[in-house]
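Engineer: Structure provided below as structure tokens; questions to follow.
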């Protein structure tokens, strides 16, 4: 991991006008942190604390009310070709084959057909999907669809991946396999990732650091470095006794009703 910063938030605050003349809602307040090249950082916190809002800001899909986000040192002012977003839903196009879905993003980027095919074939092989390249999404299991979605995300060769609970819709066994696939690809390709998850063990086993957010208005209340080997093998990491210690620590920091969850100055 280098000291080069790929993704950075500086004093980011986000407010939304509420319907029915109910005033303004502050979703996140004064959030600052950075993610270095090749690093995987998980963002955890109570529902509604603004985690997804931060990903939207980092991807350029939303502009902060105050503060700024940067990718590779450049201020985010709109969708960025160096950033890829993966959501809970796979959002595969049902009329396109697996291969065509993986190539969709690079097709939009104008990458030549031969290069598109090369990237797709390599990724499908990595995810053990090569034999399904001509299948359609409805012919795949939920786990396979998520692997296709992950391959599509990686095909555009992003510098930064923003992952919003990408495995929450699959069963526990499939989820662990997908976690392993993701971890290995991130390490091999030296990708930088910011992951939102409510699964504390997932946060620990996949990450170099875990950032803990308060209740809304969300702000960073703790940063926990994960001092464990084998980040590229989260299944092996799960056998390390330290995982339970880290999960217990995160549970303590997320204790519902604890003063630790209150941002400085109280809720707005």
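Numbering (our numbering), first residue to last: 24 to 291. We treat Cβ as the ideally placed atom computed from N, Cα and C, and that holds for glycine. Since the model is a prediction, treat every value here as computed from it, not as a measurement.
1. Alpha carbon to alpha carbon, how far is residue 115 from residue 221? Give it in angstroms, no decimals.
2. Between residue 38 and residue 48, which are expected to be in contact by the criterion C-beta below 8 Å, what is the C-beta distance as a whole number of angstroms?
3. Which same chain residues end up closer than 7 Å to residue 149 when comparing Cβ atoms and leaving out the 5 residues on each side of it in sequence?
4. In terms of residues, what are the limits of the alpha helix (DSSP H) holding residue 127?
5. Return the Cβ separation of residue 238 and residue 69 in integer angstroms, given the expectation that the two are a contact with Cβ distance under 8 Å.
6. By the DSSP assignment, the alpha helix (DSSP H) with residue 138 in it spans what residues?
7. Using the beta-carbon count (16 or more within 10 Å), is residue 102 buried or exposed?
8. Return the residue from the list 185, 202, 152, 119 that minimises the CA-CA distance to residue 161.
9. Under 8 Å: do the segment 121-129 and the segment 172-179 share three or more Cβ pairs, one atom per stretch?
10. When the Cα atoms are used, what is the spatial distance from residue 190 to residue 46?
11. Would DSSP call residue 198 helix, strand or coil?
12. Tell me the start and end of each unbroken beta strand (DSSP E) in the segment 55-104 that is at least 3 residues and wholly inside, in chain order.
13. Does the distance from the CB of residue 234 to the CB of residue 225 come in under 7 Å?
14. Just checking, does the segment 254-265 make contact with the segment 90-97 on the three C-beta pairs under 8 Å criterion?
15. Taking the CB atoms as reference points, tell me whether residue 186 and residue 137 lie closer together than 7 Å.
16. Any idea what DSSP makes of residue 251, helix, strand or coil?
17. Which first and last residues belong to the beta strand (DSSP E) in which residue 30 is found?
18. Pick from 95, 203, 213: whose alpha carbon is nearest that of residue 151?
19. CB residue 229 to CB residue 94, shorter than 7 Å?
20. Please check the pair residue 193 and residue 124, which I expect to be a contact at CB under 8 Å, by giving their CB distance rounded to whole angstroms.
21. Based on the DSSP secondary-structure assignment, which residues constitute the bridge partners of residue 155?
22. Should residue 278 go down as buried or exposed, given a rule of 16 or more other Cβ atoms within 10 Å for buried?
23. Measuring alpha carbon to alpha carbon, tell me which residue in 145, 80, 200 is nearest residue 169.
24. Unbroken alpha helix (DSSP H) runs of length 4 or more, entirely within the segment 165-215: which are they?
25. Helix, strand or coil, according to DSSP, for residue 242 in the structure here?
Structural biologist: Working from what's here:
1. Their Cα atoms are separated by approximately 24 Å.
2. The distance from the Cβ of residue 38 to that of residue 48 is about 7 Å, consistent with a contact at the 8 Å cut-off.
3. Same-chain partners within the cutoff: 208.
4. Taken as a continuous stretch (DSSP letters only), the alpha helix (DSSP H) holding residue 127 covers 127-131.
5. Between residue 69 and residue 238 the Cβ distance is about 5 Å, and since that is below 8 Å, they are a contact.
6. Element bounds for residue 138: 136-149.
7. Exposed, because fewer than 16 other Cβ atoms sit within 10 Å of the Cβ of residue 102.
8. Looking at the Cα atoms, 119 is the closest of the given residues.
9. A contact is defined here as three or more CB-CB pairs under 8 Å, and the segment 121-129 meets this definition with respect to the segment 172-179.
10. Between residue 190 and residue 46, the C-alpha separation is close to 35 Å.
11. It is helical.
12. Taking only runs of at least 3 residues, the beta strand (DSSP E) segments lying wholly in the segment 55-104 are 63-67, 89-94.
13. No, the pair does not count as a contact, with Cβ atoms beyond the cut-off.
14. Between the segment 254-265 and the segment 90-97 there are fewer than three C-beta pairs closer than 8 Å, too few to call the two in contact.
15. 7 Å or more divides the Cβ of residue 186 from the Cβ of residue 137.
16. Here residue 251 carries a coil assignment [DSSP, helix/strand/coil].
17. For residue 30, the enclosing beta strand (DSSP E) stretches over residues 28-40.
18. Checking every option, the nearest Cα to that of residue 151 belongs to 203.
19. No.
20. Approximately 18 Å separates the beta-carbon atoms of residue 193 and residue 124; this is outside 8 Å, ruling out the contact.
21. Beta-bridge pairing links residue 155 to no other residue.
22. The residue is exposed, with fewer than 16 neighbouring Cβ atoms inside 10 Å.
23. The shortest Cα separation from residue 169 among 145, 80, 200 belongs to 200.
24. Fully enclosed alpha helix (DSSP H) runs of 4 or longer: 165-178, 195-212.
25. Residue state, collapsed to three classes: coil.
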